[in-house]
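Enquirer: In this note's numbering, the protein residues as written are 1 to 319.
#1: May I ask you to report which of helix, strand or coil DSSP gives residue 323?
#2: Could you check if residue 22 is buried or exposed, using at least 16 other CB atoms within 10 Å of its CB as the buried criterion?
#3: Could you tell me how far apart the beta carbons of residue 236 and residue 199 are, in whole angstroms, since I believe they sit closer than 8 Å?
#4: I need the straight-line Cα distance from residue 187 to residue 290, nearest angstrom please.
#5: Exposed or buried, residue 194, counting other C-beta atoms within 10 Å across all chains shown (16 or more means buried)?
#6: Beta-carbon separation of residue 276 and residue 257 under 8 Å?
#7: Taking only heavy atoms of the ligand ADP into account, decide whether any of them is closer than 7 Å to the Cβ of residue 74.
#8: So is residue 217 buried or exposed if we call it buried at 16+ other beta carbons inside 10 Å?
#9: Indicate the three-state DSSP secondary structure (helix, strand or coil) for residue 153 in the structure shown.
#10: Give me the Cα-Cα distance between residue 323 and residue 77, rounded to the nearest whole angstrom.
#11: Measuring only the C-alpha atoms, how far is residue 119 from residue 67?
#12: Between residue 255 and residue 215, what straight-line distance do the alpha-carbon atoms span, to the nearest angstrom?
#13: Give the DSSP-derived three-state secondary structure of residue 29 in the structure shown.
#14: If you draw a straight line from the alpha carbon of residue 164 to that of residue 279, how long is it in whole angstroms?
#15: Ignoring anything shorter than 4 residues or poking outside the region 115 to 183, list the alpha helix (DSSP H) runs there in chain order.
#16: What ranges does the alpha helix (DSSP H) occupy inside the region 35 to 78, keeping only unbroken runs of at least 4 residues that lie completely in it?
#17: Name the residue from 232, 207, 69 and 292 whose alpha carbon lies nearest to the alpha carbon of residue 243.
#18: Can you check whether the CB of residue 175 is closer than 8 Å to the CB of residue 209?
#19: Reducing DSSP to helix, strand and coil, say where residue 21 ends up.
#20: Short of 7 Å in beta carbon distance, which residues of its chain neighbour residue 273, apart from the five on each side in sequence? Order them along the chain.
#21: Should residue 251 go down as buried or exposed, given a rule of 16 or more other Cβ atoms within 10 Å for buried?
#22: What number of angstroms, rounded off, separates the C-alpha of residue 223 from the C-alpha of residue 253?
#23: Are the region 26 to 34 and the region 53 to 62 touching by the rule of at least three beta carbon pairs closer than 8 Å?
#24: State the Cα-Cα distance for the pair residue 50 and residue 37, rounded to the nearest angstrom.
#25: On a Cα-Cα basis, can you pick out the residue from 148, 90 and 101 that is closest to residue 111?
#26: Determine the DSSP secondary structure at residue 290, reduced to helix, strand or coil.
#27: Tell me the residue span of the alpha helix (DSSP H) that contains residue 220.
#28: Which residues in the same chain as residue 263 place their Cβ atom closer than 7 Å to its Cβ, once the five residues preceding and following it in sequence are excluded?
#29: Could you tell me whether the Cβ atoms of residue 114 and residue 106 are closer together than 8 Å?
#30: Taking residue 83 as part of the alpha helix (DSSP H), name the residues at either end of that continuous run.
#31: For residue 193, does the three-state DSSP call read helix, strand or coil?
#32: Would residue 86 be called buried (16 or more neighbouring beta carbons within 10 Å of its own) or exposed?
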């Protein structure tokens with residue numbers, strides 16, 4: 001008896017769902033557009049009265065599938081951040097079925113739409129979009145270039161390696177930063193040498209992101225290239241290369257940093273010392289005595305003490 005009641009209840013719930021799906025499939029394009037517009041008002045609303053209806057409205061639009069994509073893409077011209085994020089969220093839920101319309105939209109004249117389409121394709125992360133995204137990495141608008149490169153990194157397909165590396169030369173710093181981040185997301189040893197070179201980049205966002213990106217790479221290959229780089233590198237490039245070594249912190253990295261303590265170059269000695277005490281504040285490796293034999297400048301010693309303290313040991317004397 002209970003089973004029959006349960007089945008009957010489920011049937012009563014299911015009927016409206018199937019009826020709704022059938023009704024949507026029978027709508028004309030104009031009717032569908034009006035339906036999507038009316039639901040989207042709720043889906044993207046920040047009003048308190050719609051608070052409990054937002055998620056169901058988003059799900060309702062997502063269930064329409066690919067046919068909802070063109071009207072939603074048209075809405076990418078919006079100036080509202082809430083509407084923009086709602087569109088991306090719905091298209092991401094639709095997923096791969098939305099790809100044909102999203103890829104077509106990459107050729108639209110409005111750069112803002114193309115930028116947001118790139119963003120969406122990155123969130124969907126379907127490899128089928130890679131070649132089309134590569135096609136816009138040379139776009140006239142730098143924000144489109146930035147977001148297409150970001151998307152390629154999120155997708156992570158190795159077809160994108162050449163395009164990402166080429167974007168390291170972009171004249172806009174934020175595009176170079178996007179390329180660096182994407183290079184860190186791509187499982188390619190080919191990117192290591194380019195990431196090392198950008199440690200000396202004029203844009204701080206690019207060079208600091210390169211530090212993080214390098215730490216995702218094969219340690220053995222990375223250490224070999226950093227050691228070779230430090231033979232001739234100077235300035236920011238050398239400083240950040242040593243920071244990478246300090247963050248790796250294994251025996252080989254510490255040995256390379258120890259070599260820099262004996263370089264005779266004051267700045268390299270200080271940078272190597274900072275990297276060493278950051279990696280080994282308790283002097284487990286025994287390099288601190290050598291540091292304080294070689295570093296005599298009062299300000300340099302204060303820097304080293306400060307780094308060591310923040311790394312976890314501020315009690316050891318540097319005298």
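Where a beta carbon is used, it is the ideal one built from N, C-alpha and C, also for glycine.
Expert: In brief:
#1: Because the chain is modelled from 1 through 319, residue 323 falls outside the range shown and cannot be assessed.
#2: Confidence at residue 22 is low in this model, with a pLDDT of 47, below 50, so its placement is unreliable and the value that follows should be read with caution. The residue in question, residue 22, is exposed, as its Cβ has fewer than 16 Cβ neighbours within 10 Å.
#3: 7 Å
#4: 38 Å
#5: buried
#6: yes
#7: Absence of the ligand ADP is noted for the structure shown, with no ligands found whatsoever.
#8: buried
#9: helix
#10: No answer is possible for residue 323: the residues shown for the chain start at 1 and end at 319.
#11: 20 Å
#12: 18 Å
#13: helix
#14: 31 Å
#15: 130 to 134, 142 to 155 and 161 to 166
#16: 54 to 63 and 69 to 74
#17: 207
#18: no
#19: Any reading at residue 21 must be qualified, since the residue scores a pLDDT of 45, below 50, and its modelled position is unreliable; the value itself is stated next. Helix, per DSSP.
#20: 261, 291, 295 and 304
#21: exposed
#22: 7 Å
#23: no
#24: 15 Å
#25: 148
#26: helix
#27: 219 to 229
#28: 269
#29: yes
#30: 81 to 94
#31: helix
#32: buried
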